[in-house]
Amino acid sequence: MARRAARKTAGRNANAKRAAGGKSRVKVKAKAKTKIKAVAKPAAAPRASQAPSADRKPPANPVLIEVTRGEMVESRHRLAVAVVDAGGKLVESWGDIERPIYGRSAIKPFQALPLLETGAADAFELGEPEIALACSSHNGEPQHTDRVHDWLARVGCEIADLECGAHLPYHEPTMLQLVANGGDITAIYNNCSGKHTGFLTTARHEGEPTKGYIRYEHPVQQRVTRAMSEMTGVDLTRSPRGIDGCGIPVLGMPLRAMAHGLARMADPRKLSADRANACKRIVAAIMAWPMLLGGTGRFGSSTMATFKNRFVLKGGAEGVYAAILPSLGLGVAIKADDGAGRAAEAAMAQTLRRLKLVSAAEAKQFADLLMPPVLNRAHLEVGRIRSTGEGRF
Numbered sequence: 039m040a041r042r043a044a045r046k047t048a049g050r051n052a053n054a055k056r057a058a059g060g061k062s063r064v065k066v067k068a069k070a071k072t073k074i075k076a077v078a079k080p081a082a083a084p085r086a087s088q089a090p091s092a093d094r095k096p097p098a099n100p101v102l103i104e105v106t107r108g109e110m111v112e113s114r115h116r117l118a119v120a121v122v123d124a125g126g127k128l129v130e131s132w133g134d135i136e137r138p139i140y141g142r143s144a145i146k147p148f149q150a151l152p153l154l155e156t157g158a159a160d161a162f163e164l165g166e167p168e169i170a171l172a173c174s175s176h177n178g179e180p181q182h183t184d185r186v187h188d189w190l191a192r193v194g195c196e197i198a199d200l201e202c203g204a205h206l207p208y209h210e211p212t213m214l215q216l217v218a219n220g221g222d223i224t225a226i227y228n229n230c231s232g233k234h235t236g237f238l239t240t241a242r243h244e245g246e247p248t249k250g251y252i253r254y255e256h257p258v259q260q261r262v263t264r265a266m267s268e269m270t271g272v273d274l275t276r277s278p279r280g281i282d283g284c285g286i287p288v289l290g291m292p293l294r295a296m297a298h299g300l301a302r303m304a305d306p307r308k309l310s311a312d313r314a315n316a317c318k319r320i321v322a323a324i325m326a327w328p329m330l331l332g333g334t335g336r337f338g339s340s341t342m343a344t345f346k347n348r349f350v351l352k353g354g355a356e357g358v359y360a361a362i363l364p365s366l367g368l369g370v371a372i373k374a375d376d377g378a379g380r381a382a383e384a385a386m387a388q389t390l391r392r393l394k395l396v397s398a399a400e401a402k403q404f405a406d407l408l409m410p411p412v413l414n415r416a417h418l419e420v421g422r423i424r425s426t427g428e429g430r431f
């Protein structure tokens, strides 16, 4: 009897628990319905997948340059190209020209403006060779380093004052000779030593500390930032910022704005008298001394020397290239997505042909310069770097 009573009691307790559990589940479901209704109220807001995202990839730029080997295209390069006049009108473009890029060394002509505008260039009696070197990414050949050494002495500075860092000369014969002779690898061989000597010159002229001249807050760099902002029409104090290979600040700007600034150097008539004069002197110096801008075997120097006084060409790291076209009053800015310099150079050559600054006959005559061959180790031609023709490029 006791066992039957216990079983009945246990059964009643189990039923009670099941009933309680059932009620609990009903309540949970009711709460879930309430939650769904609450979430459904702001359904008019865009879904997360529809909201703008900083991580979303921009549309791909067109494939403008290809590299052949034998009977096949082996590599392809995507680029953006902007051709702009001095008034800011877009003349031609390919790809995304509004995406910010770092101009790198291609914008050195902008960075040299304060050297002339402050009066520093005249105070230290700088000539066209020094002005060209201030815009250069040189090979480290004697024609470059001898002049930079003399210039440093003229402004009371030494190689140790250069804050650009040291690397071997780009020019292979010079590099091999330096190593064979056990020479010191100093900052004078840095491809940017001319630009940095220009910065030191401005600091000396203005009575400013030379130490730390590469820092963003230093007056030298503040003047450079202001000049570039005025030329491009972009407030670069609010732009993405990084550190260039030579240690100075590098500031992001749309490719279109960069081309606009270059066009204003090509046609400076609407600039202030001092700014226009500085632009003219920089363009004239580079045209007169193209081999000081880069050196032996460099695309920009060789092309400017071949087509005398037609344009200023200046390359930069990571596939950036710039052109100042005084006869047309235009500026050209190019960026290769993959950072390939060979692609940027080939795209610049094609742009010069499109703008008729290089004739069809000249393009054929100087094909090895403008559409470089791909050579094997035996120096035999095995392919070409050329335009794809995409988008009528």
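Counted from 1, the sequence shown has number 167 at position 129 by the numbering used here; the numbering is strictly sequential.
Glycine residues also receive a C-beta, built at the ideal position from the N, C-alpha and C atoms.
- Taken in chain order, the complete alpha helix (DSSP H) segments of 4 or more residues contained in the stretch 267 to 323 are 293 to 304.
- Scanning its chain for C-beta atoms nearer than 7 Å, with the 5 sequence neighbours on each side dropped, one finds around T270 the residues M291, A295, M296, H298 and G299, in chain order.
- In the DSSP assignment, E112 falls within the beta strand (DSSP E) that extends over M110 to D123.
- In this structure, K233 is the residue among R391, K233, A241 and E201 with its C-alpha nearest to the C-alpha of P167.
- Its Cα nearest to that of L351, the residue P328 stands out among G367, R107 and P328.
- Per the coordinates, the alpha-carbon of L238 lies some 14 Å from the alpha-carbon of D160.
- For the 8 Å CB-CB criterion, A360 and V370 form a contact.
- Ranking L390, S310, T344 and N99 by CA distance to the CA of E155 puts S310 first.
- For F148, the CB contacts under 7 Å within the same chain, skipping 5 residues up- and downstream, are A265, M266, M269 and G299 in chain order.
- Rounded to whole angstroms, the gap between the alpha carbons of L128 and L293 is 11 Å.
- Two segments are said to touch when three or more pairs of C-beta atoms, one from each, lie closer than 8 Å; by this definition the stretch 97 to 109 does not touch the stretch 251 to 263.
- With respect to the 8 Å criterion, L153 and G236 are classified as neighbours on the basis of their beta carbons.
- Here the C-alpha atom of A204 lies approximately 25 Å from the C-alpha atom of S340.
- Rounded to whole angstroms, P100 and M409 show a C-alpha spacing of 19 Å.
- In the three-state DSSP reduction, Y140 falls in the strand class (E or B).
- Comparing alpha carbon positions, the residue from V412, E136 and V186 closest to V272 is E136.
- Counting only residues of its own chain and dropping the five nearest sequence neighbours on each side, E196 has a CB closer than 7 Å to the CB of L190.
- Under the DSSP assignment, R107 falls in the beta strand (DSSP E) whose first and last residues are V101 to R107.
- Sequence-distant Cβ neighbours of L413 in its own chain, meaning closer than 8 Å and more than five residues away, are E419 and V420.
- Residue nearest to R142 within the set G283, T240 and G221 is G283 (criterion: CA-CA distance).
- For V370, the enclosing beta strand (DSSP E) has its first and last residue at L368 to A374.
- At a Cβ-Cβ threshold of 8 Å, R116 and A144 do not count as neighbours.
- Put simply, the backbone Cα of P411 is about 6 Å away from that of I423.
- Counting along the chain, the unbroken alpha helix (DSSP H) around S340 starts and ends at F337 to T344.
- For V119, the number of other beta carbons within 10 angstroms of its own is at least 16, and it is reported as buried.
- In this structure, the alpha-carbon of A387 lies about 13 Å from that of L363.
- Counting only residues of its own chain and dropping the five nearest sequence neighbours on each side, G367 has a CB closer than 8 Å to the CB of D123, A124, A301, A304 and D305.
- Buried is the label assigned to R242, since at least 16 other Cβ atoms lie within 10 Å of its Cβ.
- When secondary structure is reduced to three states using DSSP, Y251 falls in the coil class, being assigned neither helix nor strand.
- Judged by DSSP secondary structure, K127 falls outside any alpha helix (DSSP H); it is assigned neither H nor E.
- Collapsing the DSSP output to three states places Y208 in coil.
- DSSP places A241 inside the alpha helix (DSSP H), whose first and last residues are S231 to E244.
- In the three-state reduction of the DSSP assignment, E419 falls in the strand class.
- For L164, no alpha helix (DSSP H) run applies, since DSSP gives it neither H nor E.
- Under the three-pair Cβ rule at 8 Å, the stretch 332 to 346 does not count as touching the stretch 311 to 320.
- According to DSSP, P411 shares a beta bridge with R422.
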